[in-house]
Amino acid sequence: MKKPLPCLNGVNPSRVVMPPGDWLSCVDFLVERIPAVTREQWEQRIQKGEVLDEQGVPITLNTRHQAGRKLYYYRYLEHEWQIPFEETVLYQDEHLVVADKPHFLPVIPSGRYIQETLLIRLRRKLGIDTLSPIHRIDRETAGLVLFAVRPEERNDYQKLFRTRAVSKIYEAIAPYRESLTEPTLCRHQVFQRDDNFMQMAVGEGTPNAETLVSILQHNQDYAHYRLEPFTGRKHQLRVQMMAMGIPILNDRIYPDHLPEAVTEVTLAEEYRHPLQLLARSIAFIDPVTKTDRQFHSTQQLAAQSLTEPK
28 MKKPLPCLNG VNPSRVVMPP GDWLSCVDFL VERIPAVTRE QWEQRIQKGE
78 VLDEQGVPIT LNTRHQAGRK LYYYRYLEHE WQIPFEETVL YQDEHLVVAD
128 KPHFLPVIPS GRYIQETLLI RLRRKLGIDT LSPIHRIDRE TAGLVLFAVR
178 PEERNDYQKL FRTRAVSKIY EAIAPYRESL TEPTLCRHQV FQRDDNFMQM
228 AVGEGTPNAE TLVSILQHNQ DYAHYRLEPF TGRKHQLRVQ MMAMGIPILN
278 DRIYPDHLPE AVTEVTLAEE YRHPLQLLAR SIAFIDPVTK TDRQFHSTQQ
328 LAAQSLTEPK
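The numbering used here puts the sequence shown at residues 28 to 337.
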């Protein structure tokens, strides 16, 4: 292709290469290879011009199977839950977009979330198909997420995170532990559990996760914590707080992995108890403009009042 195919409703095209086989048509191949989409749905998408060849030309229902042919299609779900919380764009220029993400909104498409993700919402809202995330935070976490506007600049920004050239501050609500000396530099060996892909674990070995923990305010029950991570392991703050015996309030993964909310009733219940973790601020020297960048979330953790001195 001479140029990238355009997005459709904010979604980039996915690619599949047809291997040798006995399929008569492209439709037959797609139905067998991607059975989550029915034959009727594939036919509807093809008739709408939403399945393309490598030249960007829509195929037809009669297009023959050919080994090595590349097909491009656009992912979407027939039924996708609408997430009833809105993001805010805090900053935008020709290089960067900074968004303040609500709890429960995924950053990128995955599984049962495509349109209801921060990336796709922003592409549609701002009309920038090239927008791409520089880093990510968990679906349950609220706060700052940065996006590159130009694909050729994305790696320069991502390098800041790989080389720890970014200062990040989070806030969390969790039980108060009187014996905790603060500020405390928490250092743990964090690794992926073999028996649960959703959970990380803490074990013996050279520390690979470091977070500076301090307390903003507290009472005898709960504390409002300031968390400054110096590394970026999966679920780092959640698993380190759990390891210290003070798991973050409303965490559905640590210490116990609760069932995923997949019905209207269970989702409504989850929405009433958001994870009390917020990506509060981020600061760095912009590798493109060479300017000092500092951004701050405008959100407050819902359970912050629980930490007020009594």
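Even glycine gets a Cβ: it sits at the ideal position worked out from N, Cα and C.
What residues in its chain sit with their C-beta under 6 Å from that of residue i, if we drop five residues either side in the sequence?
{"i": "LEU333", "result": "TYR249"}
{"i": "PRO133", "result": "TYR140, THR144 and ARG166"}
{"i": "HIS300", "result": "ASN277"}
{"i": "TYR184", "result": "ILE161 and ALA175"}
Which residues share a DSSP beta bridge with residue i?
{"i": "GLU255", "result": "LEU239"}
{"i": "ARG265", "result": "Per DSSP, none; premise fails for ARG265."}
{"i": "VAL38", "result": "LEU35"}
{"i": "SER308", "result": "ILE196 and HIS323"}
{"i": "MET227", "result": "GLN219"}
{"i": "LEU302", "result": "Note: LEU302 sits in no beta bridge, so no partner."}
{"i": "ALA250", "result": "ALA201 and HIS245"}
{"i": "VAL124", "result": "GLN119 and PHE174"}
{"i": "ASP283", "result": "DSSP, once it has assigned bridges, lists no residue as partnering ASP283."}
{"i": "ALA169", "result": "LEU305"}
{"i": "PRO160", "result": "PHE174"}
Cutting at 7 Å between CB atoms, please list the residues of its own chain near residue i, excluding the five before and the five after it.
{"i": "VAL43", "result": "ARG60 and LEU98"}
{"i": "PRO234", "result": "ARG214, HIS215 and GLN216"}
{"i": "ARG150", "result": "CYS34, GLY37, ASP156 and LEU158"}
{"i": "VAL176", "result": "GLU121, HIS122, LEU123, VAL124, ILE155, THR157 and LEU158"}
Taking DSSP as the reference, what is the three-state secondary structure of residue i?
{"i": "THR115", "result": "strand"}
{"i": "PRO85", "result": "strand"}
{"i": "GLN74", "result": "helix"}
{"i": "LEU149", "result": "helix"}
{"i": "GLN326", "result": "coil"}
{"i": "ARG260", "result": "coil"}
{"i": "MET28", "result": "Any reading at MET28 must be qualified, since the residue scores a pLDDT of 45, below 50, and its modelled position is unreliable; the value itself is stated next. In the structure shown, MET28 sits in coil (DSSP, three-state: anything other than H, G, I, E or B)."}
{"i": "ALA288", "result": "coil"}
{"i": "GLN185", "result": "helix"}
{"i": "THR334", "result": "helix"}
{"i": "TYR339", "result": "Here the chain comprises residues numbered 28 to 337, so residue 339 is not present and cannot be evaluated."}
{"i": "GLN93", "result": "coil"}
{"i": "LEU212", "result": "strand"}
{"i": "PRO178", "result": "helix"}
{"i": "GLN244", "result": "strand"}
{"i": "ASP55", "result": "helix"}
{"i": "LEU104", "result": "coil"}
According to the neighbour-count rule (16 or more other Cβ atoms, all chains shown, within 10 Å of its Cβ), is residue i buried or exposed?
{"i": "GLY37", "result": "buried"}
{"i": "ASN182", "result": "exposed"}
{"i": "ASN39", "result": "buried"}
{"i": "TYR101", "result": "buried"}
{"i": "ALA192", "result": "exposed"}
{"i": "ASP283", "result": "exposed"}
{"i": "MET269", "result": "buried"}
{"i": "LYS128", "result": "buried"}
{"i": "ALA169", "result": "buried"}
{"i": "ARG265", "result": "buried"}
{"i": "THR354", "result": "The structure shown does not extend to residue 354, since the chain is modelled only from 28 through 337, so no value can be given for it."}
{"i": "PHE131", "result": "buried"}
{"i": "PRO256", "result": "buried"}
{"i": "PHE56", "result": "buried"}
{"i": "ARG260", "result": "buried"}
{"i": "LEU212", "result": "exposed"}
{"i": "LEU285", "result": "exposed"}
What does a CB cutoff of less than 8 Å around residue i pick up in its chain, not counting 5 residues either side in sequence?
{"i": "GLN93", "result": "MET45"}
{"i": "LEU153", "result": "VAL116, GLN119 and VAL124"}
{"i": "ILE135", "result": "THR144, LEU145, LEU146, PRO160 and ARG163"}
{"i": "ARG220", "result": "GLN226, MET227 and ALA228"}
{"i": "GLN244", "result": "ALA250, HIS251, THR334, GLU335 and PRO336"}
{"i": "ILE86", "result": "CYS53, ILE73, VAL78, LEU79, ASP80 and LEU98"}
{"i": "GLU105", "result": "GLN68"}
{"i": "PHE174", "result": "LEU123, VAL124, VAL125, ALA126, LEU146, LEU149, LEU158, SER159, PRO160 and ILE161"}
{"i": "GLN321", "result": "SER308, ILE309 and ALA310"}
Are the CB atoms of residue i and residue j nearer to each other than 7 Å?
{"i": "ILE312", "j": "LYS195", "result": "no"}
{"i": "ILE242", "j": "ALA330", "result": "no"}
{"i": "GLN142", "j": "GLU107", "result": "yes"}
{"i": "VAL18", "j": "HIS122", "result": "The chain is shown only over 28 to 337; residue 18 falls outside these bounds and no answer can be derived."}
{"i": "ILE164", "j": "ALA306", "result": "yes"}
{"i": "ILE73", "j": "LEU51", "result": "no"}
{"i": "MET247", "j": "ASN277", "result": "It should be pointed out that residue 247 corresponds to Gln in this sequence rather than to Met. Against a cut-off of 7 Å, the Cβ pair of ASN277 and GLN247 comes out as no contact."}
{"i": "LEU171", "j": "SER41", "result": "no"}
{"i": "THR348", "j": "GLU231", "result": "Since the first residue of the chain shown is 28 and the last is 337, residue 348 is not available in this structure."}
{"i": "ILE1", "j": "PRO202", "result": "Because the chain in this structure spans residues 28 to 337, residue 1 falls outside the shown range and cannot be described."}
{"i": "TYR298", "j": "LEU254", "result": "no"}
Using a beta-carbon distance below 7 Å, is residue i in contact with chain D?
{"i": "PRO31", "result": "Although the question refers to chain D, the structure presented lacks it and comprises just one protein chain."}
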